[in-house]
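Colleague: Quick note: the sequence shown uses the working numbering, first residue 306, plus one each step.
Ideal Cβ positions, reconstructed from N, Cα and C, are used throughout, including at glycine.
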Amino acid sequence: MEKPEISVVLPLYNSAATVIDVLESIRNLDYDTKNIEILMIHYQLPSDKTTEVVSKYVEKHGSEFRTIKLISRRNKKANYARNLGIKRSKGNYILLLNDDIVLHPKAVKYAMEHLRNPETCAVTFPYMMNPPTLWEKVQFFRFLNKAEQTKVLNIGLSLVKKETFDKIGLIDEDLGPPISSNDDFEFSARIARKTKYKIIIEGKAPCIHIHNKKENKTTRKETTSTTGKLKKVLTWYINLLKYDLTVGADTYYLVLTRAPATWKLEALMYLIVPLLAASCVPANPIYAALMFTFFPALFAIYYKAFSFKNLAYAYLIIYRRMQRAICCALRIPYKILLRKFNRIK
């Protein structure tokens with residue numbers, strides 16, 4: 306029997322509310338589904354109805370695909386599930402997909418056009434809510450309606466040549482949900498260090514994130530008031546700070562140890578620039594102010610920022626990257642502080 310060209314690796318975890326939408330988006334792709342195998346790796350919870358929902362779908366539409374399988378797993382780690390799917394896959398291309406992402410009908414078609422190029426190893430896609438949130442607009446607007454090279458792929462939404470895993474290894478199972486983030490960065494860092502492959506982001510096929518569409522109505526009521534919203538934002542920020550100073554700093558440090566020299570220099574730059582600016586404050590406040598405004602403007606140009614909207618995007622990116630770089634650099638001096646944060650967690 307001829308091998309399927311594409312293997313979809315789809316980890317499932319309490320996915321009964323979203324999995325049908327995801328499977329339907331695969332079925333409705335502008336691509337021959339007889340060349341697609343779907344491997345769903347499922348972590349079963351006692352009250353989870355995912356198996357029942359998927360079984361009914363397979364019974365109805367299973368014959369439309371080359372293969373569609375539901376594989377049980379005992380390990381809760383998302384990247385364990387992905388690696389298991391990659392090992393069992395038979396396709397030449399692996400579509401890494403989360404259980405709450407609806408594919409654009411032309412996503413695979415556009416991606417395959419890029420992957421015919423021997424220099425390209427992976428194609429990733431922007432994804433947003435429907436309608437998109439303000440943050441998603443800021444995060445992805447510069448990628449929309451065009452394709453361009455990027456540094457980092459999305460582990461939960463990328464089409465990757467299978468040979469890439471043979472060259473750089475599988476996904477790090479100690480990163481990613483439910484443990485930490487930065488699995489995307491770590492995997493992309495290995496691609497950059499060990500190969501000369503390119504990663505493309507295809508903005509002509511943005512996908513839809515449906516996770517929060519199924520949110521609990523009680524949660525909505527709790528956050529309707531201004532006080533509730535403020536409390537939610539403050540809680541989110543405190544948790545983010547705790548994460549950045551503990552797990553975030555450790556995992557980002559791990560990424561840098563596996564990254565090429567250019568990535569390390571970039572992280573160093575995000576740390577040195579604000580420190581240089583801060584050092585100018587006592588000597589010359591005006592010069593310091595110019596430094597603070599000049600460098601974000603320079604980064605804005607680097608990110609093709611030629612409008613106020615793009616400038617806002619550049620500032621946000623710089624802020625987050627500086628935060629990560631500083632957390633990483635201060636990891637050892639902050640040892641006592643990190644213990645306190647770990648106790649809070």
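Quick test of your reading: ASN397 and GLU310, contact by CB under 8 Å. State the CB separation rounded to the nearest angstrom.
Modeller: Going by Cβ atoms, the distance from ASN397 to GLU310 rounds to 6 Å, so yes, they are a contact pair.
Colleague: From the DSSP output, in three-state form, read off ARG421 for me.
Modeller: coil
Colleague: So ALA383 is in the alpha helix (DSSP H); what residue range does that whole segment cover?
Modeller: 383-393
Colleague: Using 8 Å as the threshold, is the stretch 453-473 in touch with the stretch 360-377, meaning 3 or more CB pairs across them?
Modeller: Segments in contact, no.
Colleague: For VAL359, I'd like the list of residues in its chain whose CB is within less than 7 Å of its CB, leaving aside the five on either flank, ordered along the chain.
Modeller: VAL324, MET345 and LEU375
Colleague: Would you mind sorting GLU527 into buried or exposed? The rule is 16 or more other CB atoms within 10 Å of its CB.
Modeller: Model confidence at GLU527 stands at a pLDDT of 45, short of 50, so the residue's coordinates are unreliable and nothing is read from them.
Colleague: Considering only heavy atoms of the ligand NAP, does any lie closer than 7 Å to the CB of LEU449?
Modeller: Because no ligand of any kind appears in the structure shown, any question about the ligand NAP cannot be addressed here.
Colleague: According to DSSP, is ILE406 helix, strand or coil?
Modeller: strand
Colleague: Quick check on the burial criterion: 16 or more other C-beta atoms within 10 angstroms. Buried or exposed for PRO351?
Modeller: exposed
Colleague: Name the DSSP bridge partner or partners of SER377?
Modeller: HIS347
Colleague: Let me confirm a value: LYS382 is counted as buried when at least 16 other C-beta atoms fall within 10 Å, else exposed. Which label applies?
Modeller: Burial call: buried.
Colleague: Using a Cβ-Cβ distance cut-off of 8 Å, determine whether PHE445 contacts chain B.
Modeller: Looking for chain B here will not work: only one protein chain is present.
Colleague: Hey, how far is the Cα of LYS466 from the Cα of ALA564?
Modeller: Their Cα atoms are separated by approximately 20 Å.
Colleague: Residues in the same chain with beta-carbon distance under 8 Å from ASN388, minus the five sequence neighbours each way, listed in chain order, please.
Modeller: LEU475, ILE476 and GLU478
Colleague: For VAL407 and LEU581, what's the separation of their Cα atoms in angstroms?
Modeller: 45 Å
Colleague: Given that a residue counts as buried once 16 or more other Cβ atoms are within 10 Å of its Cβ, and exposed if not, what is TYR542?
Modeller: Classification for TYR542: exposed.
Colleague: Quick check on MET434: does DSSP put it in helix, strand or coil?
Modeller: coil
Colleague: List the DSSP bridge partners of TYR318.
Modeller: TYR348
Colleague: Which residue or residues does DSSP assign as beta-bridge partners of LEU401?
Modeller: VAL314 and SER463
Colleague: Whether or not the stretch 431-440 and the stretch 485-498 are in contact is what I'm after, with contact meaning three or more pairs of Cβ atoms, one per stretch, closer than 8 Å; do they touch?
Modeller: no
Colleague: Taking the beta carbon of ARG421 as the centre, do at least 16 other beta carbons fall within 10 Å, making it buried, or is it exposed?
Modeller: exposed
Colleague: Which same chain residues end up closer than 8 Å to ASP326 when comparing Cβ atoms and leaving out the 5 residues on each side of it in sequence?
Modeller: Correct list, in chain order: VAL407 and ILE515.
Colleague: What number of angstroms, rounded off, separates the C-alpha of LEU402 from the C-alpha of ARG379?
Modeller: Within the model, the alpha-carbon separation for LEU402 versus ARG379 is close to 20 Å.
Colleague: Thinking C-alpha only, which one of LEU573, GLU507 and ILE460 is nearest PHE448?
Modeller: GLU507
Colleague: Figure out for me which residue from ALA497, ASP405, THR562 and LEU464 has the closest Cα to the Cα of SER330.
Modeller: ASP405
Colleague: Please report how far the alpha carbon of LYS499 lies from the alpha carbon of VAL552, in whole angstroms.
Modeller: 25 Å
Colleague: Helix, strand or coil for LYS509 per DSSP?
Modeller: coil
Colleague: Check the C-beta distance from VAL314 over to SER377 and give it rounded, since I have them as a contact under 8 Å.
Modeller: 15 Å between Cβ atoms; not a contact.
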